[in-house]
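Line by line, the protein sequences give chains Y and F. Just so we're aligned, residue 2 is where the first sequence starts under our numbering, counting upward by one. Just so we're aligned, residue 2 is where the second sequence starts under our numbering, counting upward by one. Quick notes on the structure that follows.
Number of protein chains: 2
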Amino acid sequence: MARLNDNYLKLQAGYLFPEISRRVTAFADAHPNDKVIRLGIGDVTKPLVPAVLKAFHDGVDDLAKGASFHGYGPEQGYSWLSQTIIDKAYKPLGVELEASEVFISDGSKCDSANILDIFDLSCKVAIGDPVYPVYNDTNVMVGRTGKADEKGYYEGIVYMPCTEENGFAPAFPSEKVDIIYLCFPNNPTGTVATKEVLKSWVDYALDNDAVILFDAAYEAFITEPGIPHSIYEIDGAKKCAIEFRSFSKTAGFTGVRCGLTVVPHDLMASTADGEKVSLNQLWNRRQCTKFNGVSYPVQKAAAAVYSDEGWAQVQEIIAYYMENARIIREGLQEAGITCYGGVNAPYIWLKTPEGMTSWDFFDKLLNECFVVGTPGSGFGPSGEGYFRLSAFGERENVEEAVKRIRQKWGK
Amino acid sequence: MARLNDNYLKLQAGYLFPEISRRVTAFADAHPNDKVIRLGIGDVTKPLVPAVLKAFHDGVDDLAKGASFHGYGPEQGYSWLSQTIIDKAYKPLGVELEASEVFISDGSKCDSANILDIFDLSCKVAIGDPVYPVYNDTNVMVGRTGKADEKGYYEGIVYMPCTEENGFAPAFPSEKVDIIYLCFPNNPTGTVATKEVLKSWVDYALDNDAVILFDAAYEAFITEPGIPHSIYEIDGAKKCAIEFRSFSKTAGFTGVRCGLTVVPHDLMASTADGEKVSLNQLWNRRQCTKFNGVSYPVQKAAAAVYSDEGWAQVQEIIAYYMENARIIREGLQEAGITCYGGVNAPYIWLKTPEGMTSWDFFDKLLNECFVVGTPGSGFGPSGEGYFRLSAFGERENVEEAVKRIRQKWGK
Chain Y
2 MARLNDNYLK LQAGYLFPEI SRRVTAFADA HPNDKVIRLG IGDVTKPLVP AVLKAFHDGV
62 DDLAKGASFH GYGPEQGYSW LSQTIIDKAY KPLGVELEAS EVFISDGSKC DSANILDIFD
122 LSCKVAIGDP VYPVYNDTNV MVGRTGKADE KGYYEGIVYM PCTEENGFAP AFPSEKVDII
182 YLCFPNNPTG TVATKEVLKS WVDYALDNDA VILFDAAYEA FITEPGIPHS IYEIDGAKKC
242 AIEFRSFSKT AGFTGVRCGL TVVPHDLMAS TADGEKVSLN QLWNRRQCTK FNGVSYPVQK
302 AAAAVYSDEG WAQVQEIIAY YMENARIIRE GLQEAGITCY GGVNAPYIWL KTPEGMTSWD
362 FFDKLLNECF VVGTPGSGFG PSGEGYFRLS AFGERENVEE AVKRIRQKWG K
Chain F
2 MARLNDNYLK LQAGYLFPEI SRRVTAFADA HPNDKVIRLG IGDVTKPLVP AVLKAFHDGV
62 DDLAKGASFH GYGPEQGYSW LSQTIIDKAY KPLGVELEAS EVFISDGSKC DSANILDIFD
122 LSCKVAIGDP VYPVYNDTNV MVGRTGKADE KGYYEGIVYM PCTEENGFAP AFPSEKVDII
182 YLCFPNNPTG TVATKEVLKS WVDYALDNDA VILFDAAYEA FITEPGIPHS IYEIDGAKKC
242 AIEFRSFSKT AGFTGVRCGL TVVPHDLMAS TADGEKVSLN QLWNRRQCTK FNGVSYPVQK
302 AAAAVYSDEG WAQVQEIIAY YMENARIIRE GLQEAGITCY GGVNAPYIWL KTPEGMTSWD
362 FFDKLLNECF VVGTPGSGFG PSGEGYFRLS AFGERENVEE AVKRIRQKWG K
């Protein structure tokens, strides 16, 4: 009988968000008349902006006529989109990229999972804790780990705890690693890295011949000046880092699906024989063979995010969400709840009241306040006792959620 | 230094279609005034049909309003689309499926590549020759093979030659295998499997505890009655087969991106300890962790393919392409060129005139007739001396291409 990939069976329980969805659905079915406010999964709620909608429709219209029809596009994405991203999102940061270094995809989740394809299984991996579960789970799935211990740490992965004590800033890995996942602004803790901190990571990676997988999915939510939006703002990063970006949160594309990955030509890895090969070449081969490009109208819509009109419209929505973040953060703080994040990221990372476990707080919040959040422990053992609230939501819902939480726990 | 996946370096040259694209671009740049007719890559040319366009626009409009906005959708696709596919594409064949057995994706290429994630590396694989290159190359990339020999066969893969002698119908693998790739209607040869032939494969797989990966991307092009459109028309197939389908050719979605994969609950594989686990469960976990669902407006557009109006419109286009196929097939036959396929598939598989190699014929056809096709040898060693012409194209271009070929080689 065909053998399955046993590594999948090492994974604990379900993937975090389907489990949340299961509990919320069960609650909603049992309480059809109570209004549940969802600040759990980090999903946007605002409609697409007008400039993006127009370009999306125009893209569909192009497919209505033979002369403007588009079949298979480049697996790497259309160069008009890559070039727009370079010109509008990278050049203003002082970062120069070539179009062949930018790969358009159907989302950062896929890319940050699929990127493992091009690395040898022997590579040692360092992951934050708490962390976006995809980094951890995909390493388990490819067989880079043993089983999980009681706490949930998988044998073979080097975890970098991000705790209140270290300001949720990971320390350098405790042993030599080949691949380091970094995510700033961070999901779930909402913390950011200053230029100095990010430089220390780039220097560390260069000194230790490691590759940084830098997840910048939330860079558009940075409000404070001086915080880097791209790891390539740091000298030397092109020799050690791959960067993931997404239109999901920036422009409300969670249901539209578009992201991008930058793999610089200068980024090398080693063959078994010690020969250096550009990872750009390998990722290009991976995408050409296993991917078929992003939907054409979606790419048209994505390009419109960077039009003058589109960018102004998108910024308004980001500001709206960040005002939600402020309301949640300040409301909770006034209720005596300790919380982090929410300044340069759309996530508030709070300490559960009364020392509750994350899932106990989840259930209590759902059952008594009808508010959905995400248990911190779902992001890793160091997330236990913490809880993530997302700032994506309608203002009145966010205000209502904060009111309910303050009524329940406030002083 | 981080180690790269050395298996990628075993791959020969570029992936087939980028290489064709490179040669065609070079030719077109050198001959800006000559009209190149492209019957190479199997890409559709007709616009989307009106019913699909309307649904696509409606889907985009849904994203314009908060009340109808859709963010993250189910990783498996919306159940309204899965259920429509079951009702309209499977039930009429007498095939019963549950919605949880159907996974909507951004295309068959991705799925037929990614499916390897859930199998153990020890699985022995059988692949047709010639074959859609993705099956072969993705097995090389995951490390299931050694190097390629002089002919292009990779050590460790069991090849099933499809030749003029066996009517391009693969014989059972020469040794015990765990995974068998089948594609009917076949790309590139255009051949189909009768119910009896397909039953013999299902019986073989059940007897030998093998899993069939059945690529049905071209089922909509079957014109002869009695030819199975799905492997699940055969009793027992749910216990041994995964089926891939695509909207790419059926409805002109090559640039829109939508496909689906059926993984029946009854399909089991074995753990290292001999325990049987449903592959549906593993694929579901794979998709939840590494994929984020298909663009919402694209799913709306896909569902409209199966509306009464949409289906009728799509059938008209398929008939148009199949008339192209007839024109190519009969035109070439009248010119004394031996050719196959083109009756139940949009591909004509021709023997190169004068015993030319496939790439020599490619270059000659490009340089002397300004016609682009696909070298048979690009699909595998047994494709050497053959050539694939695609029936996707505008009628006048197809007629012009046939005229030029007949002028060059006709009697």
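Each residue gets a CB set at the ideal place from its N, CA and C atoms; glycine is no exception.
* To which residues of the same chain is residue 293 of chain Y closer than 8 Å at the C-beta, ignoring the five residues directly before and after it? -> 73 and 76
* Report all residues from its chain with a CB closer than 8 Å to the CB of residue 63 of chain Y; omit the five preceding and five following residues, and keep chain order. => 69, 70, 71, 297, 298 and 301
* At which residues does the beta strand (DSSP E) containing residue 126 of chain Y begin and terminate? -> Taken as a continuous stretch (DSSP letters only), the beta strand (DSSP E) holding residue 126 of chain Y covers 126-130.
* For chain Y, is any of its Cβ atoms less than 8 Å away from the one on residue 128 of chain F? -> no
* Asked: Who are the Cβ neighbours of residue 80 of chain F in its own chain at under 7 Å, not counting the five residues just before and after it?
  -> 100
* Beta-bridge partners of residue 216 of chain Y, as assigned by DSSP -> Y/184 and Y/245
* Asked: When DSSP labels each residue in this structure, what does residue 260 of chain F get in the three-state scheme?
  -> The answer is strand: DSSP assigns residue 260 of chain F an E or B state.
* residue 374 of chain Y and residue 385 of chain Y look like a contact to me (Cβ under 8 Å); what is the Cβ gap, rounded to whole Å? -> That belief does not hold up - the Cβ atoms of residue 374 of chain Y and residue 385 of chain Y are roughly 15 Å apart, past 8 Å.
* If you check the beta carbons only, do residue 259 of chain F and residue 107 of chain F fall under 8 Å apart? -> yes
* To do: Examine chain F for any beta-carbon lying closer than 8 Å to the beta-carbon of residue 299 of chain Y, and answer yes or no.
  => Closer than 8 Å: yes.
* **Bridge partner(s) assigned by DSSP for residue 389 of chain F** => F/350 and F/375
* Asked: Do the CB positions of residue 264 of chain F and residue 98 of chain F come within less than 8 Å of each other?
  -> no
* Entirely within the stretch 257-338 of chain Y and at least 3 residues each: give me those beta strand (DSSP E) ranges in chain order. => Look at the stretch 257-338 of chain Y and you find these whole runs of beta strand (DSSP E), each 3 residues long or longer: 260-263, 269-271 and 277-279.
* Asked: In three-state terms, what does DSSP make of residue 67 of chain F?
  -> helix
* To do: Count the other C-beta atoms from every protein chain shown that fall within 10 angstroms of the C-beta of residue 251 of chain Y, then say buried if there are 16 or more, exposed otherwise.
  => So residue 251 of chain Y counts as buried.
* Asked: How many whole angstroms separate the CB atoms of residue 181 of chain Y and residue 206 of chain Y, which I take to be in contact at a CB cut-off of 8 Å?
  -> About 6 Å separates the two Cβ atoms, so the contact holds.
* Asked: So, is the C-beta of residue 256 of chain Y closer than 8 Å to a C-beta in chain F?
  -> At least one beta carbon of chain F lies nearer than 8 Å to the beta carbon of residue 256 of chain Y.
* Examine chain Y for any beta-carbon lying closer than 8 Å to the beta-carbon of residue 292 of chain F, and answer yes or no. => yes
* List the residues of chain Y that residue 36 of chain F touches, going by C-beta distances under 7 Å, in chain order. => What residue 36 of chain F touches in chain Y: nothing, since even the nearest Cβ is about 15 Å away.
* **Three-state secondary structure (DSSP) of residue 158 of chain Y** => strand
* Quick one: what does DSSP say residue 28 of chain Y is sitting in, helix, strand or coil? -> helix
* To do: Using a cut-off of 9 Å between C-beta atoms, extract the partners of residue 266 of chain F located in chain Y.
  => What residue 266 of chain F touches in chain Y: nothing, since even the nearest Cβ is about 15 Å away.
* Asked: Which one or two residues does DSSP pair with residue 120 of chain F in a beta bridge?
  -> According to DSSP, residue 120 of chain F shares a beta bridge with Y/5.
* Would you tell me roughly how many angstroms separate the C-alpha atoms of residue 239 of chain F and residue 232 of chain F, rounded to the nearest one? => 9 Å
* Asked: Using a beta-carbon distance below 8 Å, is residue 57 of chain F in contact with chain Y?
  -> Judged by the 8 Å Cβ criterion, residue 57 of chain F is in contact with chain Y.
* For residue 57 of chain Y, which residues of its own chain have a beta-carbon under 6 Å away from its beta-carbon, when the five flanking residues on both sides are left out? -> 298 and 302
* So which residues of chain F does residue 304 of chain Y contact, with C-beta pairs closer than 7 Å? -> Per Cβ cutoff of 7 Å: no residues; residue 304 of chain Y is ~15 Å from chain F at best.
* Using only alpha-carbon positions, find the residue among F/331, F/406, F/290 and F/408 that is nearest to residue 20 of chain Y. => F/290
* **alpha helix (DSSP H) segment containing residue 83 of chain Y, residue limits** => 80-86
* Asked: How about residue 78 of chain Y: is its Cβ closer than 7 Å to a heavy atom in the ligand ADP?
  -> Among the components modelled here there is no ligand, and therefore nothing to report on the ligand ADP.
* Would you say residue 392 of chain Y reaches chain F, if we count a Cβ-Cβ gap shorter than 8 Å as a contact? -> no
* Asked: Just the Cα atoms here: how many angstroms apart are residue 288 of chain Y and residue 8 of chain F?
  -> As the crow flies, the alpha-carbon of residue 288 of chain Y is around 15 Å from that of residue 8 of chain F.
* To do: Flag this pair as touching only if the stretch 388-407 of chain F and the stretch 328-336 of chain F have three or more C-beta atom pairs under 8 Å; answer yes or no.
  => yes
* To do: Establish whether the CB of residue 140 of chain Y and some CB of chain F are separated by less than 8 Å.
  => No, because no Cβ of chain F sits closer than 8 Å to the Cβ of residue 140 of chain Y.
* chain Y within 8 Å of residue 47 of chain F, Cβ atoms only -> yes
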